[in-house]
DNA sequence: AATTAGCACTCTATTATTTAGAGTGCTAAA
DNA sequence: TTTAGCACTCTAAATAATAGAGTGCTAATT
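Residue numbers (this note's numbering), protein chains in the order written: chain H, 1 to 342; chain U, 1001 to 1342.
#1: Check whether the Cβ atoms of residue 78 (chain H) and residue 67 (chain H) sit closer than 8 Å, and answer yes or no.
#2: Decide if residue 1325 (chain U) is buried, meaning its Cβ has at least 16 other Cβ atoms within 10 Å, or exposed.
#3: Would residue 1086 (chain U) be called buried (16 or more neighbouring beta carbons within 10 Å of its own) or exposed?
#4: Using CA atoms only, rank isn't needed, just tell me which of H:302, H:24, H:15, H:152 is closest to residue 129 (chain H).
#5: What does the Cβ neighbour count give for residue 111 (chain H), buried or exposed, with the cut at 16 atoms within 10 Å?
#6: When the Cα of residue 1025 (chain U) is compared with those of U:1002, U:1001, U:1050, U:1004, which residue comes out closest?
#7: Rounded to whole angstroms, what is the Cα-Cα separation between residue 226 (chain H) and residue 1004 (chain U)?
#8: Which residues of the stretch 223-251 of chain H have a Cβ closer than 7 Å to any Cβ of chain U? Give them in chain order.
#9: Residue 1323 (chain U) to residue 1292 (chain U), Cα distance in whole Å?
#10: So that I know if they touch, is there some Cβ in chain U lying closer than 8 Å to that of residue 255 (chain H)?
#11: Please confirm whether residue 1306 (chain U) has its beta-carbon closer than 8 Å to some beta-carbon of chain H.
#12: Taking only beta-carbon atoms, is residue 333 (chain H) less than 8 Å away from chain U?
#13: Taking only three categories from DSSP, how would you classify residue 1056 (chain U)?
#14: Please list, in chain order, the residues of the stretch 1151-1165 of chain U that have any C-beta partner in chain H closer than 8 Å.
#15: Return the Cβ separation of residue 1237 (chain U) and residue 1115 (chain U) in integer angstroms, given the expectation that the two are a contact with Cβ distance under 8 Å.
#16: Is the Cβ of residue 1143 (chain U) closer than 8 Å to any Cβ of chain H?
#17: Taking only runs of the beta strand (DSSP E) that begin and end inside the stretch 1222-1305 of chain U, which ones reach a length of at least 3 residues, in chain order?
#18: Taking the alpha-carbon of residue 177 (chain H) as reference, which of H:218, H:157, H:166 has the nearest alpha-carbon?
#19: Is the distance from the Cβ of residue 312 (chain H) to the Cβ of residue 120 (chain H) below 8 Å?
#20: Taking all protein chains shown into account, do 16 or more other C-beta atoms lie within 10 angstroms of the C-beta of residue 266 (chain H), making it buried, or fewer, making it exposed?
#21: Determine the direct distance from the alpha carbon of residue 300 (chain H) to that of residue 1133 (chain U), and round the result to whole angstroms.
#22: Please report whether the beta-carbon of residue 148 (chain H) lies at a distance below 8 Å from any beta-carbon of chain U.
#23: To test your reading of the DSSP string, which unbroken alpha helix (DSSP H) runs of 4 or more residues are found completely within the stretch 1051-1124 of chain U?
#24: So what's residue 194 (chain H) in DSSP terms, helix, strand or just coil?
#25: For residue 165 (chain H), is the classification buried or exposed, using 16 other Cβ atoms within 10 angstroms of its Cβ as the cut-off for buried?
#26: Out of H:149, H:13, H:282, H:308, which one is the CA nearest neighbour of residue 107 (chain H)?
#27: Quick check: is the beta carbon of residue 140 (chain H) nearer than 8 Å to any beta carbon in chain U?
#28: Which one or two residues does DSSP pair with residue 339 (chain H) in a beta bridge?
#29: Between residue 336 (chain H) and residue 1103 (chain U), what straight-line distance do the alpha-carbon atoms span, to the nearest angstrom?
#30: Taking the Cβ atom as the reference point for each residue, do residue 343 (chain H) and residue 192 (chain H) lie within a distance shorter than 8 Å?
#31: I want to verify the contact list: residues of chain U whose CB lies under 7 Å from the CB of residue 136 (chain H), in sequence order.
#32: Taking CB distances under 8 Å as the criterion, tell me whether residue 1258 (chain U) reaches chain H.
#33: Rounded to whole angstroms, what's the CA-CA distance from residue 221 (chain H) to residue 175 (chain H)? Just pull it up for me.
#34: Residues of the stretch 1258-1278 of chain U in Cβ contact with chain H at a cutoff of 9 Å, in chain order, please.
#35: Taking the alpha carbon of residue 159 (chain H) as the reference point, which residue from H:141, H:136, H:117, H:329 has its own alpha carbon closest?
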């Protein structure tokens, strides 16, 4: 039914369409690629492929266009592996290793590289700060009225927040933060609730007032830290998609891609069970963007899935390149995290 | 030559064009606004105004459109002051006062409000960190391999950077940062050069190695701090300008508005000598955007011009509203800085 | 002298029409 | 089973027709 020749034709059609964004016709196909068969034969095969649901015809006298099912088959078993050449690999590694101090920077840089190399929109989520454990905590007086709170998670993420506070001696702040840290070290950050802090008040009765004052501040600041921390890059690429010719469409996706809620949703609806997962068109689990495909994966950190890597682009994206770039970024990131970093 | 009636007609034409973006014809003008004169008279006046250079005709059988000279006259002496009503003022103040802890946050919020209220792109530059004086400095050990450097400027801006560093005791870091601070307190941050730090090495001969190690790190990190720190908001508004119907145009301005270099240039080419300065079209001193107008002003901080406020939008913007919003934001910002803050 | 009604004229934007070309499906021959 | 051939279809581009908004000028009016 779907013999090798049909598959080969399907592959060539999709390859061509990914490149040109134009419906592919039997004539051009026969001429452009040396398939050794005539356009009439191709026409017959195409008709079959359409009947099987892998191709679509925008209108009777147009060429064929891959259907979502066609893309599915393509990514699952047709497309050829794309190999990043050594130069590209070196460049990526060099860019990522350039300044490995803060995990945020590395992630940010990774997202940039992903977007640049594919021309797509890229997303990376950071290890969830709130889910990780408290490793270190400092209260630093930086002026008469301000104190900086520094929180370090076990995953090495550093967050710092400025609190307004009346004049307190650093000595006192040290005492408070040391006590808090000794009690809270190893606690998941999301569990650091006002109540938990409240209980510690007894430890330092002489500073009860201060701690009392700190409680709501801490609660507010912790609440402000996003549930999912996502970096987007390559939003500028949406201007190049031939799929978005009208400003209204570009506006629409732009608004989505700059909305934290939407980005969190993208990350949260991705399956976490396979190596690289590809959601195509209406099956991308994002009803808001039924014309896009999403390629996603994740990276490990300390042996646990720590964050997601994600590409968003038109269904007509270069899946082969995309998967390959994602794989290499994932690998390199994990290398950085496990080795040099921490 | 340019009698009152002509000016009145010009004002009405520009008001109308700002609202509708459509060339204004004599008929509609006479009907819509009760000017008490016939369309024929208006036609004559319009012809004169065109000859004087204040109006343009896209083509013979179209209405008139303001020329840049027309806008110039309009903003200089024709437009009516827009008064923000009490409700709007209250809202702005409340939003700005909501969480006055970090100067960055306030500025950021101000830019957002500016963009939201006008539908334009807004820019605010922060007080130049490098030009301000060093007020406080801390080195905080946050893990075995990382140290956080906190710099506080006299203008109250806090910058913090993470440095990779082998295991050092906090006591040692304190000693180093205390010594550095005692020597550098009050020094403009841009003058904190490797050489300056180098000289201090003599003070702490026992930690000479460490300081030696710190020097290049500090140099690099200080260099990374931008020369001009600019917040942009309202980029999403460019999708709504009827002037940008083609994706290519939107792409072009988007790329400019997301380029730090360009934004710095915008800020740097603004005149600092008048209260509110309005650059219209080709005279906006930005050859890259000859179709835009720029409205700019600045805010004072400790009696000095500290940063710029800026609107970028089509020449057909609501100058009246724009100027008014800018004035109120400037006032409120200065109030916050001088009073509650610091 | 200034204003205005009237009208011919101009130009664009919209709609309708034609045309060229790419592509298909089917039939019959190889 | 493959392929050449051909009539047919449909779109996109080019061309033509139409409606309408607006002007400038002239002559009448205030």
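The beta-carbon is built from N, C-alpha and C at its ideal position, and this holds for glycine as well.
Working from what's here:
#1: Walking along the first chain from the start, residue 78 (chain H) turns up at place 78. Walking along the first chain from the start, residue 67 (chain H) turns up at place 67. No.
#2: Along the second chain, one-based indexing puts residue 1325 (chain U) at 325. With 16 or more Cβ atoms within 10 Å of its Cβ, residue 1325 (chain U) is classed as buried.
#3: Taking the first residue of the second chain as 1, we reach residue 1086 (chain U) at position 86. It is exposed - the Cβ of residue 1086 (chain U) has fewer than 16 other Cβ atoms within 10 Å.
#4: Start at 1 with the first residue of the first chain, and residue 129 (chain H) comes out as number 129. The option with the nearest alpha carbon to residue 129 (chain H) is H:152.
#5: Looking up residue 111 (chain H) in the first chain gives position 111. Around the beta carbon of residue 111 (chain H), 16 or more other beta carbons sit within 10 angstroms, so the residue counts as buried.
#6: Here residue 1025 (chain U) refers to the residue found at position 25 of the second chain. Out of U:1002, U:1001, U:1050, U:1004, U:1050 has the C-alpha closest to the C-alpha of residue 1025 (chain U).
#7: Here residue 226 (chain H) corresponds to residue number 226 of the first chain, with the count starting at 1. Here residue 1004 (chain U) corresponds to residue number 4 of the second chain, with the count starting at 1. Residue 226 (chain H) and residue 1004 (chain U) have their C-alpha atoms spaced approximately 58 Å apart.
#8: Taken in chain order, the members of the stretch 223-251 of chain H whose beta-carbon sits within less than 7 Å of a beta-carbon on chain U are 236, 239, 244, 245, 247, 250, 251.
#9: Reading the second chain from its first residue, position 323 is the one you call residue 1323 (chain U). Reading the second chain from its first residue, position 292 is the one you call residue 1292 (chain U). Taken atom to atom, the span from the alpha-carbon of residue 1323 (chain U) to that of residue 1292 (chain U) is near 16 Å.
#10: The residue given as residue 255 (chain H) occupies position 255 in the first chain. For residue 255 (chain H), the answer is yes, since a Cβ of chain U falls inside 8 Å of its Cβ.
#11: Indexing the second chain from 1 puts residue 1306 (chain U) at position 306. For residue 1306 (chain U), the answer is no, since every Cβ of chain H falls outside 8 Å of its Cβ.
#12: For this step, residue 333 (chain H) is matched to residue 333 along the first chain. For residue 333 (chain H), not one C-beta of chain U is nearer than 8 Å to its own C-beta.
#13: Residue mapping note: residue 1056 (chain U) aligns to position 56 of the second chain, counting from 1. In the three-state DSSP reduction, residue 1056 (chain U) falls in the strand class (E or B).
#14: Residues of the stretch 1151-1165 of chain U with a C-beta less than 8 Å from any C-beta of chain H: 1152, 1156, 1158, 1160, 1162, 1163, 1164, listed in chain order.
#15: Indexing the second chain from 1 puts residue 1237 (chain U) at position 237. Indexing the second chain from 1 puts residue 1115 (chain U) at position 115. Right, their Cβ atoms sit about 6 Å apart.
#16: Within the second chain, residue 1143 (chain U) is the residue found at index 143, counting from 1. Residue contact with chain H for residue 1143 (chain U): present (Cβ-Cβ distance below 8 Å to some residue of chain H).
#17: Here the runs fully enclosed are 1230-1233, 1277-1280, 1292-1301.
#18: The residue labelled residue 177 (chain H) in the question sits at position 177 within the first chain. Check the Cα spacing between residue 177 (chain H) and each of H:218, H:157, H:166: the tightest is with H:218.
#19: The count along the first chain starts at 1 and reaches residue 312 (chain H) at position 312. The count along the first chain starts at 1 and reaches residue 120 (chain H) at position 120. Yes, these two residues count as a Cβ contact at 8 Å.
#20: For this step, residue 266 (chain H) is matched to residue 266 along the first chain. Burial is judged here by how many other beta carbons sit within 10 angstroms of a residue's own beta carbon; residue 266 (chain H) has at least 16 and is buried.
#21: As a working note, residue 1133 (chain U) is residue 133 in the second chain. As a working note, residue 300 (chain H) is residue 300 in the first chain. It is roughly 43 Å from the alpha-carbon of residue 1133 (chain U) to the alpha-carbon of residue 300 (chain H).
#22: Residue mapping note: residue 148 (chain H) aligns to position 148 of the first chain, counting from 1. At least one chain U Cβ lies under 8 Å of residue 148 (chain H).
#23: The stretch 1051-1124 of chain U contains these whole alpha helix (DSSP H) runs: 1068-1073, 1086-1097, 1103-1118.
#24: Within the first chain, the letter at position 194 stands for residue 194 (chain H). If DSSP states are grouped into helix, strand and coil, residue 194 (chain H) belongs with the helices.
#25: Here residue 165 (chain H) is taken as the residue at index 165 of the first chain, counted from 1. When all chains shown are included, residue 165 (chain H) counts as buried.
#26: One-based indexing of the first chain puts residue 107 (chain H) at position 107. Nearest of H:149, H:13, H:282, H:308 to residue 107 (chain H), Cα basis: H:308.
#27: For the purposes of this step, residue 140 (chain H) is taken as residue 140 along the first chain, with counting starting at 1. Yes, because at least one Cβ of chain U sits closer than 8 Å to the Cβ of residue 140 (chain H).
#28: In the first chain, counting from the first residue as 1, residue 339 (chain H) sits at position 339. Beta-bridge pairing links residue 339 (chain H) to no other residue.
#29: By 1-based counting over the first chain, the position of residue 336 (chain H) is 336. By 1-based counting over the second chain, the position of residue 1103 (chain U) is 103. Going by C-alpha positions, residue 336 (chain H) is about 35 Å away from residue 1103 (chain U).
#30: As displayed, chain H neither begins before 1 nor continues past 342, which places residue 343 (chain H) out of reach and without an answer.
#31: Taking the first residue of the first chain as 1, we reach residue 136 (chain H) at position 136. Per Cβ cutoff of 7 Å: 1142, 1143.
#32: In the second chain, counting from the first residue as 1, residue 1258 (chain U) sits at position 258. Closer than 8 Å: yes.
#33: Counting from one through the first chain, the residue named residue 221 (chain H) turns up at place 221. Counting from one through the first chain, the residue named residue 175 (chain H) turns up at place 175. In a straight line, the C-alpha of residue 221 (chain H) is about 21 Å away from that of residue 175 (chain H).
#34: Listed by position along the chain: 1258.
#35: Position 159 of the first chain holds residue 159 (chain H). That would be H:136, whose Cα lies nearest to the Cα of residue 159 (chain H).
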